[in-house]
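**Student:** Have a look at this one.
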Amino acid sequence: MNKLGVHALVWTGGWDEDEARRAIAETARAGFDLIELSVPVPSSVDTGMTRRLLDEHGLEVACSLGLRFDADISSPDPEVARRGAELLDDALSLARGVGAGYLGGVIYSALGKYPGPATPQGRRNCVDGLARLAEKAAADGITLGLEVVNRYESNILNTAEQALELIDEVGADNVVVHLDTYHMNIEEPDFAAPVETCGARLGYVHIGESHRGYLGTGTVDFPQFFAALARSGYDGVITFESFSSAVVSPALSNDLAVWRNLWQDGADLARHAREFIASGLAAARG
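What follows is the structure in structure tokens.
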């Protein structure tokens, strides 16, 4: 059975002790196995406190982030690429500190709209940066996930096929594809082909609706996606991700263009999502 997770931004936009305690407690109360912690500023997270609260509630954790334009390993500027590598090193240290076995997201470029395609030198810097990070992560048993996002959030990976090509270039066994139904709805031909294309190299999944609100109220073909996961034998984590202006993260909301209030009650949203995903998976498996 797949472990089910929920993104921390369903609960809170910050991560002080009160916010972390609420997010972790609500995640456990809603019946999830894991909470995904976004760490665009790794130094803002108290690893000891976070790990203590996770242990208290019996939850696992995954970490994610997107790089910045001034700290981007896909930049042709060596100084910008160096700052991107430092940010990834900090995120990896945080993942290690909180006990995460997974660090993913847009860890291969800045999270945002580029004015043009990646340069050849920028791509070489990206591959080299990921290879170095993968070697460090492997020493701690941490898997790296390359989240495939839409064209307005990266100029490197917009499709599953592109992710597989980049992983081949990196050449590390602990680097996997991270698919997200929100982005697939924009860039992929359907919700089955990318899963089949990735096969065993699919290592993490985000479930999100086309408008990032309640599941089943947009245009994502979830039955097709769940059926593809079942056929492929995917047994990894499936994490629900949703954003609303009701919960604002100063470091992330603007990057993700979270302008609208799509929901108010995170607890109701999360309970609905968990039941929706569990039911959909069960139906797909027959």
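Under UniProt numbering, the residues of the sequence shown are numbered 1 to 286, in order. Ideal Cβ positions, reconstructed from N, Cα and C, are used throughout, including at glycine. Remember, it's a predicted structure, so these values are computed and weren't measured experimentally.
1) How big is the Cα-Cα spacing for Arg68 and Ala284?
2) Roughly how many angstroms separate the alpha carbons of Asp190 and Ala100, rounded to a whole number?
3) How about the stretch 246 to 259 and the stretch 190 to 200: do they share at least three Cβ pairs that are nearer than 8 Å?
4) Using the rule of at least 16 other Cβ atoms within 10 Å of the residue's Cβ for burial, across every protein chain shown, is Met184 buried or exposed?
5) Please tell me whether Asp235 and Gly208 are closer than 9 Å, where the distance is taken between their beta carbons.
6) Say whether the stretch 269 to 283 touches the stretch 220 to 230, bearing in mind that this needs 3 or more beta-carbon pairs closer than 8 Å, one atom from each stretch.
7) Please name the residue, chosen from Tyr182, Val127, Gln162, Ala138, that lies closest to Asp173 on a Cα-to-Cα basis.
8) Could you tell me which residues DSSP pairs with Val106 in its beta bridges?
9) Could you pull out every unbroken beta strand (DSSP E) segment of at least 3 residues lying fully inside the stretch 23 to 65, listed in chain order?
10) With which residues is Ile238 paired in a DSSP beta bridge?
11) Looking only at its chain, what residues have a beta carbon closer than 6 Å to the beta carbon of Thr219, apart from the 5 residues adjacent to it on each side?
12) Have a look at Val177, Leu111, Ala8, Lys136 and flag the residue whose alpha-carbon is nearest the alpha-carbon of Asn150.
13) By alpha-carbon positions, which one of Gly266, Glu275, Ser242 ends up nearest to Ser38?
14) Straight-line CA distance for Glu275 to Pro76?
15) Less than 8 Å between the CB atoms is what I'm expecting for Ala246 and Val6, so what's the real figure, rounded?
16) At a cut of 8 Å, does the stretch 91 to 106 reach the stretch 114 to 126 through at least three beta carbon pairs?
17) Under the DSSP definition of a beta bridge, which residues are partnered with Gly145?
18) For the alpha helix (DSSP H) containing Leu262, list its first residue and its last residue.
19) Under 9 Å, do Leu53 and Ala20 count as touching if we go by C-beta distance?
20) Only counting the same chain, and skipping five residues up and downstream in sequence, which positions put a Cβ closer than 8 Å to that of Asp89?
21) Have a look at Ser249, Glu26, Arg29, Gly203 and flag the residue whose alpha-carbon is nearest the alpha-carbon of Ala163.
22) Mapping the DSSP letters down to three states, classify Ala251 as helix, strand or coil.
23) Based on the DSSP secondary-structure assignment, which residues constitute the bridge partners of Ala91?
24) Just the Cα atoms here: how many angstroms apart are residue 291 and Glu36?
25) Cutting at 8 Å between CB atoms, please list the residues of its own chain near Arg188, excluding the five before and the five after it.
26) Would you check if the distance between the CB atom of Trp11 and the CB atom of Ala23 is smaller than 9 Å?
**Tutor:** On the basis of the coordinates in this document:
1) Within the sequence shown, residue 68 is the residue found at index 68, counting from 1. Within the sequence shown, residue 284 is the residue found at index 284, counting from 1. Answer to the nearest angstrom: the Cα atoms are 38 Å apart.
2) Numbered from 1 along the sequence shown, position 190 holds the residue referred to as residue 190. Numbered from 1 along the sequence shown, position 100 holds the residue referred to as residue 100. Cα-Cα distance, rounded: 31 Å.
3) no
4) Against the sequence shown, residue 184 aligns to sequence position 184. Under this definition Met184 is a buried residue.
5) Here residue 235 refers to the residue found at position 235 of the sequence shown. Here residue 208 refers to the residue found at position 208 of the sequence shown. Their beta carbons are not under 9 Å apart, which means Asp235 does not touch Gly208 by this criterion.
6) yes
7) Here residue 173 refers to the residue found at position 173 when the sequence shown is read from its first residue. Answer by Cα proximity: Ala138.
8) Working through the sequence shown from its first residue, we reach residue 106 at position 106. For Val106, which the question treats as bridged, DSSP gives the partners Gly66.
9) 34 to 38
10) What you label residue 238 is simply residue 238 of the sequence shown in a count that begins at 1. Answer is Leu4, Val205.
11) As a first step, residue 219 must be located in the sequence shown, where it is residue number 219. Closer than 6 Å at the Cβ level, and outside the excluded window around Thr219, lie Ser210.
12) By one-based count along the sequence shown, residue 150 stands at place 150. When each option's Cα is compared against that of Asn150, the closest is Leu111.
13) As a position in the sequence shown, residue 38 is number 38, starting the count at 1. When only C-alpha atoms are compared, the closest one is Ser242.
14) Indexing the sequence shown from 1 puts residue 275 at position 275. Indexing the sequence shown from 1 puts residue 76 at position 76. Answer to the nearest angstrom: the Cα atoms are 45 Å apart.
15) Locating residue 246 in the sequence shown gives position 246, counting from the first residue. Locating residue 6 in the sequence shown gives position 6, counting from the first residue. Going by Cβ atoms, the distance from Ala246 to Val6 rounds to 15 Å, so no, they are not a contact pair.
16) no
17) Start at 1 with the first residue of the sequence shown, and residue 145 comes out as number 145. Paired residues: Gly104, Val176.
18) As a position in the sequence shown, residue 262 is number 262, starting the count at 1. Run containing Leu262: none; DSSP gives neither H nor E here.
19) What you label residue 53 is simply residue 53 of the sequence shown in a count that begins at 1. What you label residue 20 is simply residue 20 of the sequence shown in a count that begins at 1. Their beta carbons are under 9 Å apart, which means Leu53 touches Ala20 by this criterion.
20) Stepping through the sequence shown from its first residue, residue 89 is reached at position 89. If we look at Asp89 and ignore the five residues flanking it on each side, its Cβ neighbours are Leu133, Lys136.
21) Within the sequence shown, residue 163 is the residue found at index 163, counting from 1. Ala163 has its Cα closest to that of Gly203, out of Ser249, Glu26, Arg29, Gly203.
22) Your numbering for residue 251 matches position 251 in the sequence shown. Ala251: coil per DSSP, three-state reduction.
23) Along the sequence shown, read from residue 1 onward, the residue named residue 91 stands at position 91. None, per the DSSP bridge assignment.
24) The shown model of the chain, from 1 to 286, leaves out residue 291, and the question about it has no answer.
25) Indexing the sequence shown from 1 puts residue 188 at position 188. One detail in the question is off: residue 188 reads as Glu in this sequence, not Arg. Here the set comprises Thr159, Ala160, Pro194.
26) Here the question's residue 11 lines up with position 11 in the sequence shown. Here the question's residue 23 lines up with position 23 in the sequence shown. Yes. Within cutoff.
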